[in-house]
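Heads up, the thing below is written out as structure tokens.
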Ligand code: ARG
């Protein structure tokens, strides 16, 4: 076998087969093969324009690379395990299309260190753009359910204890806020990521009169990285993307956890359609919320992916070290898991039906307007701390008598405190309680409808 390795002449013997397998990144690199070709086309074009290679050589390189792109897309590209990575595979393949001499000029003014940094940034662009769309889809699905459930009331919980009444729409829009912030983090990541590291070479640039800005322009990137050493050693954009991914998976996991909980017989707040549940091989009665459980479970992996790269990076001296090849498995795992989890959850959302009657029943049993009664006393001049104590005793009385607050009347209230006014029992009404919370960010109907409109306008 001819020594096709990029380090050619320095070596006399072949690489040990076990080492070859151990150091190869080909399987992971398949994720960035198209980006590698795209980057090489821009580089070859620039080399021709700058007169570093002849116009005809550049044209043949580009044509050969286009052929390779077609092979990759058709799945016919002949990957060769002996060539270590995608960069060498593409260059060697180019030699079979356009000959050794022309293919051999492609790597002028470039190293694999700046090349792989570019490929990964282009990968981020493609993948994060799809993830942004998936985030929009889940936000829209949440808004759709919110619109159907403006008048569905349920207890809002703290400490998993019934707290105060809210609209289900308000609860669902809370998740919409989380995914909207996730989308902001994606955009923010791309803002810094989409610059070209090409021209940084192995670490100290190149003596050839390459045109870095032109390559960036050809690739639709916003500019070039400002420091050649940083450019080949930096993986911040991946860490940012994986942080956004981990945070967003935590949001998905919390939502999934509520769906699992609400699908229990104990809660019975939701039913999930058959298409998104599975049965048990042994227990015939089971209908399991596996999709939500798996999303919740996958969150662990995505957090692990972020931690894996942080730990890989933490003690790396400048500049490129082969350790950096370990950025790929966690990056691909994180972003593909995030995307799949967003997409399946967006699909599942319309398949969930909320049981308004069950939610309503939980409200009545839950003393969720106890705070209202205290606030009523406050409005009649009673200090809040005293009012809190009075209503606490009322609740204790109801619990002892197996009553709800709604079962009481004005004379009963007045036995606990003389300041209960004629309209005191109105304060026990959950709908009135919600409507009284008419402030920005609150659950009153008007505010929720405004929030839905604002969210829709943002996504339009
Ligand atoms: N597969 C390598 C990586 O992902 C490409 C860069 C190799 N550079 C080097 N100097 N060996 O990091």
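Residue numbers (our numbering): -7 to 452. For glycine and all other residues, C-beta sits at the position ideal for the given N, C-alpha and C. In this text, all values refer to a predicted model and were calculated from it rather than measured experimentally.
- DSSP, reduced to helix, strand and coil, places residue 75 within a helical segment of the structure shown.
- Annotation for residue 333: 241, 244, 287, 290 place their beta carbon closer than 7 Å to its own, counting only its chain and skipping 5 residues before and after.
- Scanning the region 86 to 171 from its first residue to its last, the whole alpha helix (DSSP H) runs of 4-plus residues come out as 92 to 97, 104 to 140.
- Going by DSSP, residue 438 is part of the alpha helix (DSSP H) stretching over 437 to 451.
- If the five residues before and after residue 89 are omitted, its C-beta is found closer than 6 Å to the C-beta atoms of 56, 59, all from its own chain and listed in chain order.
- Judged by the Cβ position, residue 108 qualifies as a neighbour of the ligand ARG at the 7 Å threshold, a heavy atom of the ligand being closer than this.
- DSSP places residue 219 in the coil class of the three-state scheme, outside both helix and strand.
- Proximity of the beta carbon of residue 320 to the ligand ARG is indicated: a heavy atom of the ligand is located closer than 7 Å.
- Bridge pairing for residue 262: 346 [DSSP].
- Using a 10 angstroms sphere on the CB of residue 360, the tally of other CB atoms reaches 16 or more, which defines it as buried.
- Taking the C-beta atoms as reference points, residue 187 is found no nearer than 8 Å to residue 205.
- For residue 235, the enclosing alpha helix (DSSP H) stretches over residues 228 to 254.
- Nearest to residue 313 by C-alpha distance, out of 254, 367, 362, 194, is 194.
- In this structure residue 0 is exposed. Its beta-carbon is surrounded by fewer than 16 other beta-carbon atoms within 10 angstroms.
- Excluding sequence positions up to five before and after residue 38, its CB lies within less than 6 Å of the CB of 203, 206, 207, all in the same chain and listed in chain order.
- Using a 10 angstroms sphere on the CB of residue 227, the tally of other CB atoms reaches 16 or more, which defines it as buried.
- The beta carbon of residue 46 sits closer than 8 Å to the beta carbons of 40 from its chain, once the five residues preceding and following it are set aside; these are given in chain order.
- Under the 8 Å Cβ criterion, the region 388 to 395 does not count as touching the region 421 to 436, having fewer than three qualifying pairs.
- Between the alpha carbons of residue 246 and residue 450 lies a distance of about 24 Å.
- 192 is the residue among 192, 232, 418, 377 whose C-alpha sits nearest the C-alpha of residue 219.
- Between residue 452 and residue 165, the gap from beta carbon to beta carbon reaches 8 Å or more.
- Here the alpha carbons of residue 362 and residue 130 stand approximately 35 Å from one another.
- CA-CA distance, residue 168 to residue 285, rounds to 20 Å.
- Scanning 433, 385, 410, 113 for the CA closest to the CA of residue 373 turns up 410.
- A residue is called buried once 16 or more other Cβ atoms fall within 10 Å of its Cβ, and residue 150, having fewer, is exposed.
- The Cβ atoms of residue 408 and residue 385 lie closer than 8 Å to each other.
- The nearest non-hydrogen atom of the ligand ARG is less than 7 Å from the C-beta of residue 317.
- Residue 147 places its beta carbon less than 8 Å from that of residue 355.
- Classified as buried, residue 32 has 16 or more neighbouring CB atoms from the shown chains inside 10 Å of its CB.
- Between the ligand ARG and residue 17, a heavy atom-to-CB distance of less than 7 Å is present.
- In the three-state reduction of the DSSP assignment, residue 280 falls in the strand class, which pools E and B.
- Judged by beta-carbon spacing, residue 321 lies within the 8 Å limit of residue 20, meaning their Cβ atoms are closer than that value.
- Look at residue 326 here: in three-state DSSP terms it is helix.
- For residue 136, the shortest C-beta to heavy atom distance toward the ligand ARG is 7 Å or greater.
- DSSP, reduced to helix, strand and coil, places residue 188 within a strand of the structure shown.
- Residue 270 is bridged by DSSP to 280.
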